[in-house]
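Chemist: Those letters in the sequence shown? Residues 7 to 147, per our numbering, in order.
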Amino acid sequence: MQVSTKFTIALHILIAVKYFEEEYKLTSDFLSASIGSNPVIIRNIMSQLREAGIIEIKRGPGGMHITRDLKDISFLDIYQAVETSGQGELFNFHEKPNPNCPVGKNIHRILDESLLEVQKKFEEELKKHSVAEVYERMDRK
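(1) Tell me the DSSP bridge mates of residue 63?
(2) Under a three-way DSSP split, which group does residue 53 fall into?
(3) If the criterion is Cβ atoms closer than 8 Å, does the pair residue 41 and residue 72 meet it?
(4) Identify which residue in 129, 115 and 145 has its Cα closest to the Cα of residue 83.
(5) Buried or exposed for residue 81, please, with buried defined as at least 16 other CB atoms from any protein chain shown within 10 angstroms of its CB.
(6) Given this structure, state the Cα-to-Cα distance separating residue 146 from residue 25, to the nearest angstrom.
(7) Out of 70, 61 and 55, point me to the one whose CA is closest to residue 29's CA.
(8) Note the first and the last residue of the continuous alpha helix (DSSP H) segment covering residue 26.
(9) Buried or exposed: where does residue 124 fall if 16 or more other Cβ atoms within 10 Å of its Cβ makes it buried?
(10) So, helix, strand or coil for residue 120, using DSSP?
(11) Could you compute how far the alpha carbon of residue 38 sits from the alpha carbon of residue 51?
(12) Taking buried to mean at least 16 other C-beta atoms within 10 Å of its own C-beta, is residue 109 buried or exposed?
(13) Using a 10 Å radius around the Cβ and a threshold of 16 neighbouring Cβ atoms, would you call residue 100 buried or exposed?
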């Protein structure tokens with residue numbers, strides 16, 4: 007299992023917005039230079055963060071800002087905004103296990119509870135961390 011780079015890019019965006027908000031107008035081009043990624047990817051992730059209510063984007067001179075205090079944005083908030091595609095499930099199950107196979111007909115029953123428990127623990131761990139703790143560890147020289 008692997009969380010995609012969208013999660014760390016979203017964190018990078020939020021840290022950069024907080025760090026540069028007073029000095030620069032933050033655009034996808036500006037952020038892509040910091041992140042080292044294509045501006046289209048940055049815009050897509052910014053859109054997901056906006057839809058989740060984590061950032062607000064205003065056209066023209068308004069720029070972008072974070073809608074809540076960094077301590078109130080958990081890793082779970084970010085994960086749910088950019089990784090789950092609205093499904094909320096950590097594990098995607100193969101769609102058509104063979105019902106005529108003894109394993110295929112039982113696989114959901116024997117796995118679902120364990121996978122749900124793993125997801126629950128993963129989400130509990132993500133809740134324990136905030137964007138603020140990452141920002142506070144940054145060298146601001």
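Ideal placement from N, C-alpha and C gives every residue a C-beta, glycine not left out. Every value quoted in this text rests on a predicted model; they were computed, and no experiment measured them.
Modeler: On the basis of the coordinates in this document:
(1) Position 57 of the sequence shown, counting from 1, holds the residue named residue 63. Looking at the DSSP assignment, residue 63 forms a beta bridge with 70.
(2) Position 47 of the sequence shown, counted from the first residue, corresponds to residue 53. The answer is helix: DSSP assigns residue 53 an H, G or I state.
(3) As a working note, residue 41 is residue 35 in the sequence shown. As a working note, residue 72 is residue 66 in the sequence shown. No. Outside cutoff.
(4) The residue given as residue 83 occupies position 77 in the sequence shown. Of the candidates 129, 115 and 145, the one whose C-alpha sits nearest the C-alpha of residue 83 is 129.
(5) Along the sequence shown, one-based indexing puts residue 81 at 75. Buried, because 16 or more other Cβ atoms sit within 10 Å of the Cβ of residue 81.
(6) What you label residue 146 is simply residue 140 of the sequence shown in a count that begins at 1. What you label residue 25 is simply residue 19 of the sequence shown in a count that begins at 1. If you take the alpha carbons of residue 146 and residue 25, they lie about 8 Å apart.
(7) The residue given as residue 29 occupies position 23 in the sequence shown. Out of 70, 61 and 55, 70 has the C-alpha closest to the C-alpha of residue 29.
(8) Taking the first residue of the sequence shown as position 1, residue 26 is located at position 20. From DSSP, the alpha helix (DSSP H) with residue 26 extends over 11-26.
(9) The residue labelled residue 124 in the question sits at position 118 within the sequence shown. Exposed, by the Cβ-count rule.
(10) The residue labelled residue 120 in the question sits at position 114 within the sequence shown. In this structure, residue 120 counts as helix in the three-state DSSP scheme.
(11) Position 32 of the sequence shown, counted from the first residue, corresponds to residue 38. Position 45 of the sequence shown, counted from the first residue, corresponds to residue 51. Using only the alpha carbons, I get a separation of about 11 Å.
(12) On the sequence shown, residue 109 is found 103 positions in, with the first residue counted as 1. Flag for residue 109 reads exposed.
(13) For this step, residue 100 is matched to residue 94 along the sequence shown. Looking at its Cβ environment, which holds fewer than 16 other Cβ atoms inside 10 Å, residue 100 is exposed.
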